[in-house]
Every structure is written in structure tokens, then in C-alpha cells.
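>
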Ligand SMILES: [Zn+2]
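Numbering (this note's numbering), first residue to last: 17 to 389.
1. Using the DSSP secondary-structure output, state which residues sit across from residue 103 in a beta bridge.
2. Along the beta strand (DSSP E) that carries residue 24, what are the first and last residues, could you check?
3. Using a strict less-than 5 Å threshold between each residue's beta carbon and the heavy atoms of ligand 1, what residues do you get?
4. Tell me which residues share the same chain as residue 126 and place their Cβ nearer than 7 Å to its Cβ, disregarding the 5 neighbours each side in the sequence.
5. What's the gap between the Cα of residue 238 and the Cα of residue 213?
6. Where does residue 335 fall in DSSP's three states?
7. Among the residues of its own chain, which have a CB less than 8 Å from the CB of residue 89, if the five just before and after it don't count?
8. Ordered along the chain, which non-local residues of its own chain (more than five positions away) have a Cβ less than 7 Å from that of residue 201?
9. State buried or exposed for residue 45, treating a residue as buried only when at least 16 other CB atoms are found within 10 Å of its CB.
10. Report the residue ranges of all alpha helix (DSSP H) runs contained in full by the region 251 to 337; include only those spanning at least 4 residues, in chain order.
11. Does the contact criterion of 3 or more C-beta pairs under 8 Å hold for the region 48 to 55 versus the region 75 to 86?
12. One question on the structure: do residue 180 and residue 227 come within less than 9 Å of each other, judged by their Cβ atoms?
13. Is residue 367 helix, strand or coil by DSSP?
14. I need the straight-line Cα distance from residue 320 to residue 344, nearest angstrom please.
15. Please state whether the Cβ-Cβ distance between residue 5 and residue 284 is less than 9 Å.
16. Going by C-alpha distance, which of 303, 289, 43 and 21 is nearest residue 34?
17. Just to confirm my understanding: we take residue 375, look at its own chain, exclude 5 residues before and 5 after, and list those with CB closer than 8 Å. What are they?
18. Using CA atoms only, rank isn't needed, just tell me which of 101, 36, 385 and 231 is closest to residue 257.
19. In this structure, does DSSP put residue 215 in helix, strand or coil?
Written out as C-alpha cells, the structure is:
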């Protein structure tokens, strides 16, 4: 993840903190020390308030970390390696090396985190009850009760059946087991994620309108995050599972129309763009492909110079991000298409141009695929 710092290693797993997490850390400490404690325990000194606030923020950190470690340890135990754990604004992510290949493994890995959170919650809850029985001082019972609540929230929030949250993974594993089809399972679990995302957003708006603005905004953020995450995890699955298996050769448009690099932009617009109605063309110079030109690059030059400027001047020259081989997977082509500025890749067999794949080709394929399923 971008903007992350590694703070240590546990069982060979890198523990990383994203900058966004530091914001949460600061916010939690600040809110507790400046608002929650003064309102509830006005007799506490400011030193006591700030140090206890910091300890509780660290306990929050520890709770999320233990949750993620629990996923990781089970995952490693099942033979799926975990490279790192990243803690960020909405919690943590254990980066497992690959998706589990059977539903039972997925279920075990998914349930491990919430189980850990629940176990911590129950233990600390019992501890805080016992401590209040013996009339332990509040600055001992308050943080322990807080840890209990945090872990209870972690367990329940993560069990929302919205993929890619743990609960969504459990749901996916169950459907996967029942139907024997990971794709159908992912589609249903992601759809549930989308719906729950919207529900949480609406709940947030409702809270904000009824005066609970800060919590309302948090709910909107979290709902939006779940909604986005569920959509992108489904798209990732399509990309990797379907496009990972298709070769570019089967997917490309063959024998694309090429433009000669020495003709003028004006001629290209009239004789190619208007005629063929494509927005980009591979460019050839003496029978060798030298790059690609598209409407955006043409538009970036002064219109009154089009008559005197040749196509070569606006050609994006061949580079690694513009070229794939016919034997590459469509997933690889897609990665390049969504990264380069042209929105296309040329399919080259050695020095020979054999085809072209565009962003539109891929989106059309996804659309047709969705209609057929
Ligand atoms: Zn989890």
C-alpha cells in the first residue's frame, strides 16, 4: 500500500502502518483526552487523561493487529503464505499470497479474525466485571472495558456479510461450498457488499441529519468504502480468473489499419479517423511499427498546423507499456491498457504487428460476460 511504513516483523510477516492510520491514532487519543475523559472523569489530571488516551489508542492498534495476525496464522497453517499486514484508516488487511483454493480454507481464514476479536472481548469483559467487583480504580477498569467494546465492534463489524469483509468471505465460502462455483459465490457476496455499503451510507446520512454528525460522517465513509471494495474485489476476480486464462491472440482485433508516419495530420483526420471511425491507429514508418497515435495527441497540436505537421510528430513511440505478445494473458494486456495514456496496446509478434486490444474491447467483453451470466 502507498504511504506505509514497516514497523516490525511477526512470524515472518511484515507489519506495516499506513499514514491514514496515524490520523486515526491521533483522533482517538485526542477525542478521549479532550472530550470523553473530561466529561466522564473530570477529577482526572491532564497527565492521566493523555497517557490513558494514548494507551487506549495503542490497545485499539493491538486489537486490530491481533485480529489480522489471527487470519494470517490460520492462513499460513493452511499453506497460504502471508507477506504483510497493513493497518490503515478503516482497520487492517492481511495480504495473503493468493486466494484460498477451496471454500473450507476460506471459511477458516475468514472466521479466525472475528473469533480472535470476540475472544479478547469476552476475556476483557469478564476481567472488567471482576475488577469492578473488587472495586478496582477507574483508570484500570475504564481502559479494560474500552478494549472489550472495541473488540466487540471489531468482531461484529467484520462479520457484516459484505465481501470483502470477513462476514462476506464467510458468505462466499458458504455459497461456494453449496454451489461449487467461486464466481457465482463472489458475485453474490459482492452484491451483498454493495447493498450493505449503501445501507450503511443511508444510516450515516440519517445519523447526521438527526444531529449525530461525527458518527454519521464515519458511517458514510465506511459504507462508501465497503461499497467500493466489494465492487473492485469482484472486478479483480473477473480480471484474474477469466482474463488470466485467455490469451491475447484470441481476444485482439486482428490486422488493425495502420497509418504512415509521413502523412500530415490533416490527411490522417480526413482519410483515417473520419473514414474508419477509430480514435487511434498504429503508426508505421517504412513498414515498421514505430508507435501509436490517437485523437487526444492530435488535439494537443494547433489545428492550423495540421496541414504541415506529419503524424510522426504526435506519435507515442513504442515502449513496454504499449506492447504485448499474442501469448500474453488478457489480464496482462489489461494492466497496461489501464496504465498507459492511450487506452490500447499493440499486439506484436516479434517485430510484426498482429493486432490491437482497446479499453473498449475489454469493457464490452465484461458487459457481454455479465449479460451471459
Ligand atoms: Zn478480519
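Every residue, glycine too, gets a C-beta built ideally from N, C-alpha and C.
So, from the data block:
1. 33 and 108
2. 20 to 26
3. Residues with a Cβ closer than 5 Å to any heavy atom of ligand 1, in chain order: 129, 174 and 182.
4. 182, 185, 186 and 189
5. 8 Å
6. Residue state, collapsed to three classes: coil.
7. 27 and 128
8. Around residue 201, the same chain offers 188, 191, 192 and 195 as residues with beta carbons nearer than 7 Å, after the five sequence neighbours per side are excluded.
9. buried
10. 264 to 267, 281 to 284 and 311 to 315
11. no
12. The answer is no: Cβ separation not under 9 Å.
13. Residue 367 falls in the coil class under three-state DSSP.
14. Rounded to whole angstroms, residue 320 to residue 344 spans 41 Å at the Cα level.
15. Residue 5 lies beyond the residue range present for the chain, which begins at 17 and ends at 389; the question has no answer from this structure.
16. 21
17. 353, 354, 359 and 360
18. 385
19. For residue 215, the three-state secondary structure derived from DSSP is helix.
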